[in-house]
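Numbering (the working numbering), first residue to last: 523 to 1390.
Read the structure below first, then the notes.
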């Protein structure tokens, strides 16, 4: 019996949805993107309207092959990838890569939550792939590829290899760098306040504090009292003064709840309240979205789609929340009408919903036993924020008291000094009964005021203490992940799907580092930012980047075509790039002199750049060869790192007899012969309990299987292993098992791989023995042992040596690539080819899904919906 095939992105989602749709559907996962631009080249045909040259990614050839097989056995295909632009693009790539025949109906379905009603409704009301959304995502991919592949090699040449640049990541780095320079250049300004601790005349009355706000009828600005002398003058004038309540102003002040979460605000609040990084927040949110087995209901998605910039929610969700609020907190906590919010983010997609629980009746306490700690804490945050967003405002009883001060309070005219005290009392908690938003560093809570005693106008007060307090202005705080995401969103740079990857990238490239959860730029980040600002001002310009994001939004809305947008960007960029190649200075050979003295000769040390980053070197090189690691203190000042000491003292090279020196490598310190490059002997080091370094390598009793010389124990990136002591003449290494013993060499059998012709090896896996192709990794063929328990024959060493050399392994089956190099053969049918308008057709739907009304009007509708 033929089934309908529904394709989603992840296996977890597929497992959940399969239960909702039943046996009439087969749900299969694409495992994310199935096609992309090639890694080995630009992959964009600039001369052919920037046509992208897509290919099936190497790790998805098997997935694509399985999808093609599933398509053959299906009578209709439903593409149910994520409900955003990236998901729309993935659906289109699956359509192309899976080679779905034109005679087979194809539908696009989207849902904001993975619940049985939402999924079944979406399948019953499908649409076609929207070419506008695909074009917008393709324009972003092409644009980022053009910038990255053109700029990165220039940075490799001028600074160091492994660097990258991009429209969003480079702007993010610039924000962090410029904030750090603001802090470094900040000059604190002194100011003083005059404050009085006052109380009612009755003994033991509770004191309260008032601040001087007027002097001789003139309002005081923040910096009007700028010195201690000026403050002391006022204190002296107030000696012997009386204090009297002149005016009391009372009013109710409402505080409205915050809207439900968007991607940005969720990342910010999870950082402030839970200490989660942006990447961790999105990982846990993905788990909650894709589905958790909660027992009585089975596996269900607990939150709506987590990549969104909208604060809208469905009316049904509002009604459910209002019912729960009335039942749990009482009718006073339910506002007269549902709270609605307007999205402030530039380019927000209002068709999406905010992040909310899929069922508000699933209170966090009920799910504590079925969620892990991170899942529970994030779900609790999302649930409370959403419920609070639909509750009544909190009401504060706010009081402002003006207090006159002077020696003649009963005389005519105004009092010479006016103090002001403010107080606030929570009158009705409203949404605060459930949730309160945390503040960023540097923000002030307007409602966090003192509680004032009952006072009456013209009441005389007694002075307890008069204070002159010194203050200094504070520099702006360093960005955290949360505040950086907030700033990017405010500037309209990036979109919900890009925030977390952007922060991960700039940390991985070592442009910024995290110190006490604050983002601090490295000197590398500063150097690269300066080079880009000087030579590519548009790439790192906040307004330009924001405008480019808006143009991508316009493509998604059908207001622009994608090719002219790319063309308008690329040609000026290409001219700028050609100029930068000639004029950009090379940082690799530069030395930035510091005020640190060389411990060997006393000359200044300078910051230099190497393949592993920056380090300190003596400026008298080559006369003095001292080098050392540098560290930066809390104020980002460069210091010479403490030089590691060898526990056993100086070491000599066992190859040539020269002295060995401690060097710093990618994976930590190691010993290297000072006779390099004539002698390339190195030894691994490890830290001892007292912090000193000891040689980690030990000569073992094991002999090299090739040359019979002793094997030495080493420690590498993936753990300990054995290496021949005759290196580099003999490069034999052996992995170690859990007991520290050499793993036996692979046992070659008499069976031959059906795909590559290589012999199969008998290996041991976590589930028992299996056969694997010796042509790995080019050929990844594996097979189980025969079910009857018979084992293949193991070849002797002589038989292995006598085996004929097989032909080179060909590309894995199903890994054929699909290129889009010309307008004619870019794709078989799709949106977003090298042309500026999509014209591909899809077959008429011969069968419509149950409940579908859209299919009634389809005659020869396009497989990819045209922009209206």
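Even glycine gets a Cβ: it sits at the ideal position worked out from N, Cα and C.
- The residue among 1115, 558, 637, 664 with its C-alpha nearest the C-alpha of residue 618 is 558.
- Within the same chain, and ignoring the five residues on either side of residue 641 in sequence, the residues whose Cβ sits closer than 6 Å to its Cβ are 539, 542, 633.
- Looking only at 948, 1061, 1207, the smallest Cα-Cα distance to residue 687 is reached by 1061.
- Excluding residues up to 5 positions away in sequence, 687, 692, 1061, 1062 lie with their Cβ nearer than 7 Å to the Cβ of residue 1054 in the same chain.
- In the DSSP assignment, residue 717 is bridged to 733, 989.
- Residue 1286 is bridged by DSSP to 1291.
- Taking the Cα positions, residue 1253 is about 7 Å away from residue 1245.
- In the DSSP secondary-structure assignment, residue 1119 is bridged to 1126.
- Note that the stretch 780–790 touches the stretch 1005–1022; at least 3 beta-carbon pairs, one per stretch, sit closer than 8 Å.
- Bounds of any beta strand (DSSP E) do not take in residue 556, whose DSSP letter is neither H nor E.
- Here the stretch 1033–1048 does not lie against the stretch 1070–1081, with fewer than 3 beta-carbon pairs under 8 Å apart.
- With a threshold of 16 other beta carbon atoms within 10 Å, residue 611 meets it and is buried.
- For residue 1162, there is no enclosing alpha helix (DSSP H); the residue is part of the beta strand (DSSP E) that begins and ends at 1160–1162.
- With respect to the C-alpha of residue 658, the residue from 765, 1080, 707, 680 having the closest C-alpha is 1080.
- In chain order, 715, 717, 941, 942 place their CB closer than 7 Å to the CB of residue 733, counting only its own chain and leaving out the 5 sequence neighbours on each side.
- Collapsing the DSSP output to three states places residue 939 in a strand.
- Beta-bridge partners assigned by DSSP to residue 825: 879.
- Only residues of its own chain outside the window of five on either side were considered, and among them 546, 547, 596, 597, 598, 600 have a CB closer than 7 Å to the CB of residue 526, listed in chain order.
- Taking C-beta separations shorter than 8 Å and ignoring five residues to either side along the sequence, the partners of residue 1173 in its chain run 1181, 1182, 1193, 1205, 1217, following chain order.
- With distances taken between CA atoms, residue 737 lies nearest to 928 out of 1090, 928, 1279, 1137.
- Residue pairing by DSSP places residue 1226 in no beta bridge whatsoever.
- The beta strand (DSSP E) runs of length 3 or more contained entirely in the stretch 663–688 do not exist; there are none.
- Inclusion of residue 1088 and residue 665 in the CB contact set at 8 Å is warranted, their separation being smaller than that value.
- 8 Å or more divides the Cβ of residue 750 from the Cβ of residue 912.
- The straight-line gap separating the alpha-carbon atoms of residue 797 and residue 803 is approximately 9 Å.
- In the three-state DSSP reduction, residue 591 falls in the helix class (H, G or I).
- Listed as beta-bridge partners of residue 1206 by DSSP are 1192.
- In the three-state DSSP reduction, residue 1243 falls in the strand class (E or B).
- Shown here, residue 904 sits in a helix according to DSSP, grouped into three states.
- By the Cβ rule, the stretch 897–910 does not count as touching the stretch 754–773, because fewer than three pairs are nearer than 8 Å.
- Membership of residue 1036 in the beta strand (DSSP E) is indicated by the continuous run 1034–1037.
- Assignment of residue 957 by DSSP, reduced to helix, strand and coil, places it in the coil class.
- The three-state reading of DSSP puts residue 1297 in coil, since its state is none of H, G, I, E or B.
- In this structure, residue 1162 places its C-beta atom within 8 Å of the C-beta atom of residue 1118.
- When Cβ pairs closer than 8 Å are counted between the two stretches, the stretch 1118–1132 is seen not to touch the stretch 1087–1102, the count staying below three.
- For residue 918, the pairing in a beta bridge is given by DSSP as 775, 948.
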